[in-house]
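Protein chains in written order, with the UniProt record's numbering: chain A, 1 to 99; chain B, 1 to 636; chain C, 1 to 532.
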């Protein structure tokens, strides 16, 4: 199978993630969609590494994972705080700041 | 001598700094410091003047580089001063009239708690104005330009508790910003084409700039000049600026700052010499403004507003002159100088009248004041006569010279410009005579009424600290014109800066006819005003509607009615129409623009819904657009 | 962070080198000492949180942070005094310590110092602007109780240091992966800092969640762009991308797709329209010292990174993307200038002003000349100090419920506190770009660089936009001076040493750079540009 298919799959996943961010209301799910986008990037990186025949892309994928994990820690802390304050994790409920 | 010329700017700046930082501690002697610094600058200016006259004509232009101000790669802006006849002339005008008005203000602002702050701002203004005229690059000029704008904003809004003052200050600031955009663009264009903003290099390189760009620079500079000098179509802020204290109106909005536009055009004469179209536009702006100012001046009853429109109109004359090119630059500056004297004197006189009349400004409520304040009446009268071009007073020499030069334009232009300028002289005589007669002569109408705050009027002459400056300026109104004109004194003196004064090869009418014609027309205007104003009772309130029966009952019906229908009525209509256009049209345009921006802002901000998901959508939309655009540029 | 970048670079270096020549990369410790100090102090700060008793933490943390920044400043000054003009790359090319990087480091350290002062202030509000116990639910009894205590979540200091270190790394990052990690290291602490306000905690938390979700969204774009560029060039080093762009058989779709996505991530951080949507909300909701920190420092980092990426990696393709960024700059200026007109909250208004300024900065950024680079860097420095001081002033105007940020509450402020009103007026004039303030010089140098590079129409739009924006600055001035103060209007707190110092610093720099910009401009223009 040509590696191009993986690139297309990754692009598709990226788009699904992006659309998910737009249409889902639950903050945790929105966040998961962002994670999906990051993972699609990982897939892209690894595919390119395969095409290149080197390790660089794979190493970078590890870094992305580490960063994503750090982001989860911070993100869940913030989402938890807002959930405890409002008893709701819907991103549509947080709209006091506007105009 | 020239090496220490930075002291000129530093003195008033230091005064402003001490007064602003010193706070209340300086209340007791602040006004004295303010006057002293400006007087010192004046003395220094005189020394500078004599040291410059001592040099040969060819060596009178000196550039003094002080320090490197904005250096970025190829862009080098030095902070430097140019000492040449033109700038020295302005220095003398600014510090001279400035000193006189500073002294006057001691009396005028005596009862104001913030007198110290007032002097600080005045000093700030003088310093900024000196930077404007002394700078040797367009960027330094811009620095002073914004500085005087800021000082003018602070001083117009000096009486903060009046909402009208706040509005006027804001309007002045914003309309000036419009002009400033033009000036800034012109500077950027010079930098692009010449690679420098220093006068010396720009003027030397002006020949290599493409024609279109020279025209663009000329027009953009003109836009800046229009904003600062209250020229059409940006004139509306100047009359509103009269909300400030009267000394401010005299110094900033009559004698000095508003003439900065004229200075700019004169200073940039090598640029305008390259573009005939640019000159024509300057001339047209001047002509339109001088007529508009004169006509609107006929319609107002507010003593300061009339003087303000008169200023607009007189600056129109100066613009007209500098637009004429080498035959007019020096004449424009000459009128600027004489106007500086007599208009400052007129404003100080108006201030003196207001001082004695509980700050009343409506000329319908004055009348017969010459008995109560004779010195004011005489000095004001001299200023008035100078303004309308009474033979052998200041205005007579400077204005006639401009009218004469305007007739020197070839073809239709000579007729139109010269004719318009002459007509303007007649109108000026009309509204100024009306103003003068209503204020100082006739029945004392103020006896039976009270001022708006319920006090009775007790007009009295102002203290010496105010009258002496008025007397000084009155001498200027009498003699400045003859002094500058005789033996082409000013023209020769300015030649190193502005080039030799050229003379028109042929004029539309015989130059010898211009003075008598102008004087005649002015006399006619004054006579009309006298007929209309002095010979009948002036109502204290502006008559709203006068019925035919009432009019018929009035005596002397015949002559007056004829006057009214033939001359006064159309004139009134025209004036009212112009006031309307001025208020609705120009202001309306500004307000409409503001409303459009505000409205679209109000609607657009609704897009900031507060929903994270819609923000994400706008980001995604933006990204898709950026991507699509990039790929289209590459592949399409 | 440092270890990670060392590790990456080591691995990347090994990748790039022929077998047999591997081994540990050379590290110029002296050059990166400022970063090491900042990150080291941040790590120590986290440890101290664990071991120190509560009442000692504030003083120790403040001392440590200030010491760290001053120490980093000294190390930085020592290195600069003897730095090679053409710059160096170190850690196997992961960081490029060249003249622009050094200039931006200096800017960041100075601005970071001012921000730490604002963050540390406890005199304006007892206990400071930060919550005593972030875990307590807003609106409960405990929450009301904690608002009265003088405690403070002192983790804000190490968090701010981490963010500052991230920003410094970001400006010097010479490959996209280091850049991405620096981006996250600077962003994650900021997300948290936004949510830690003592008062109006719901707003603060909302700001945090919005900033976090949108920020993560934007970094996903950045990362995807990175991946595509990796596919295009076979490397994420900026220099390699530049080489590849000059001649490769890969599809240009990868190059421009990657560039577009990458730039979106950077524009987001720089709050350039239309990627600005988070800015007003987050600026308004976050604690004011944090807003000041974000507005001043994040902008420096974002535009510093953008300058480097565009100049080093994409200069040869500038013909293709320049037009697109023109459009973006116009959108940003228009949005900032127009939407600012009707804002009623002073923090939101400054946020829109920052969006307009981002547009001006972008103009300088895409000029891609030496003059453009130095002009943009000067503008960043000038704008940073002005906006820092402006937010410092905002934090002083308070009523019983905390900061009084609604504009109606600022009416007649000049009568209550002439000094504060005068200072704020001056700062607003600097934002307008009046001569003798740093704002004027900044605009002037940026716009002349743009004109020089043939972007006259853009400059016209920028001047018009700044004329429109002058209107809303002026509105505040008019409000402060010409309106009658409300009966129960806010009072102006007497600022403590820290806030006074920060505001004084900002105002002094704004004046100094307006009158004598030579000192800084000389430095900004000296040296040999980017090293890669």
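For glycine and all other residues, C-beta sits at the position ideal for the given N, C-alpha and C.
Chain A within 8 Å of residue i, Cβ atoms only
{"i": "residue 603/B", "result": "no"}
{"i": "residue 533/C", "result": "Residue 533/C is absent from the model: chain C starts at 1 and stops at 532."}
{"i": "residue 609/B", "result": "yes"}
{"i": "residue 181/C", "result": "yes"}
{"i": "residue 8/C", "result": "Legend: pLDDT at residue 8/C = 49, less than 50; position of this residue unreliable, no value from coordinates given."}
{"i": "residue 285/C", "result": "yes"}
{"i": "residue 216/C", "result": "yes"}
Where the beta strand (DSSP E) containing residue i begins and where it ends
{"i": "residue 159/B", "result": "Per DSSP, residue 159/B belongs to no beta strand (DSSP E) and is neither H nor E."}
{"i": "residue 229/B", "result": "Taken as a continuous stretch (DSSP letters only), residue 229/B belongs to no beta strand (DSSP E), being part of the alpha helix (DSSP H) at 211–229."}
{"i": "residue 25/A", "result": "No beta strand (DSSP E) holds residue 25/A; DSSP gives it neither H nor E."}
{"i": "residue 88/C", "result": "88–90"}
{"i": "residue 398/C", "result": "397–399"}
Beta-ladder partner(s) of residue i, from DSSP
{"i": "residue 345/C", "result": "406/C"}
{"i": "residue 63/B", "result": "82/B"}
{"i": "residue 46/B", "result": "Paired residue(s): none; residue 46/B is not in a bridge."}
{"i": "residue 492/C", "result": "397/C"}
{"i": "residue 237/C", "result": "175/C"}
{"i": "residue 198/B", "result": "137/B"}
{"i": "residue 456/B", "result": "450/B"}
{"i": "residue 77/B", "result": "70/B"}
Within 8 Å, strictly: CB atoms of residue i and residue j
{"i": "residue 477/B", "j": "residue 394/B", "result": "yes"}
{"i": "residue 225/B", "j": "residue 156/B", "result": "no"}
{"i": "residue 86/B", "j": "residue 267/B", "result": "yes"}
{"i": "residue 375/B", "j": "residue 257/B", "result": "no"}
{"i": "residue 316/C", "j": "residue 245/C", "result": "yes"}
{"i": "residue 329/B", "j": "residue 278/C", "result": "no"}
{"i": "residue 38/B", "j": "residue 95/B", "result": "yes"}
{"i": "residue 60/A", "j": "residue 45/A", "result": "yes"}
Below-8 Å beta-carbon distance, residue i vs any chain B residue
{"i": "residue 99/A", "result": "yes"}
{"i": "residue 7/A", "result": "no"}
{"i": "residue 338/C", "result": "yes"}
{"i": "residue 522/C", "result": "yes"}
{"i": "residue 219/C", "result": "no"}
Endpoints, alpha helix (DSSP H) assigned at residue i
{"i": "residue 187/C", "result": "176–194"}
{"i": "residue 394/B", "result": "394–407"}
{"i": "residue 96/C", "result": "Residue 96/C -> not in any alpha helix (DSSP H); beta strand (DSSP E) instead, spanning 95–97."}
{"i": "residue 315/B", "result": "303–323"}
{"i": "residue 531/C", "result": "Note, residue 531/C: premise wrong, no alpha helix (DSSP H); not H, not E."}
{"i": "residue 296/B", "result": "276–297"}
{"i": "residue 497/B", "result": "489–498"}
{"i": "residue 343/B", "result": "329–356"}
{"i": "residue 269/B", "result": "269–272"}
Cutoff 8 Å: residue i Cβ touching any chain C Cβ
{"i": "residue 96/A", "result": "yes"}
{"i": "residue 485/B", "result": "no"}
The segment 12–43 of chain A: positions lying closer than 9 Å to chain B by Cβ: Result list: 18, 19, 21, 22, 23, 24, 25, 27 and 30.
Interface residues of the segment 203–214 of chain C facing chain A [CB-CB below 8 Å]: Taking 8 Å as the Cβ-Cβ cut-off against chain A, the residues of the segment 203–214 of chain C that qualify are 203, 205, 206, 207, 208, 209, 210, 212 and 213.
Members of the segment 609–628 of chain B that neighbour chain A once the beta carbon cut-off is set at 8 Å: Result list: 609, 610, 611, 612, 613, 616, 617 and 620.
Contact list for the segment 66–98 of chain B against chain C, Cβ threshold 9 Å: From the segment 66–98 of chain B, only 67, 68, 69, 70, 71, 72, 73, 74, 75 and 77 have a Cβ closer than 9 Å to chain C.
Within 8 Å of chain C by C-beta, residues of the segment 64–88 of chain A in sequence order: Under the 8 Å Cβ criterion, the segment 64–88 of chain A contributes 64, 66, 67, 70, 71, 74, 75, 77, 78, 79, 81, 82, 84, 85 and 86.
The segment 179–200 of chain B: positions lying closer than 7 Å to chain C by Cβ: Among the residues of the segment 179–200 of chain B, those with a Cβ less than 7 Å away from any Cβ of chain C are 181, 184, 185, 188, 191 and 192, in the order of the chain.
Interface positions of the segment 462–487 of chain C facing chain B (Cβ-Cβ less than 7 Å), listed along the chain: For the segment 462–487 of chain C, the beta-carbon criterion of a distance under 7 Å to any beta-carbon of chain B is satisfied by 463, 464, 467, 468, 470, 471, 474, 478, 481 and 482.
Chain A contacts from the segment 223–257 of chain C (Cβ-Cβ distance under 8 Å): Listed by position, the residues of the segment 223–257 of chain C near chain A (Cβ gap below 8 Å) are 223, 224, 226, 227, 228, 230, 231, 234, 235 and 236.
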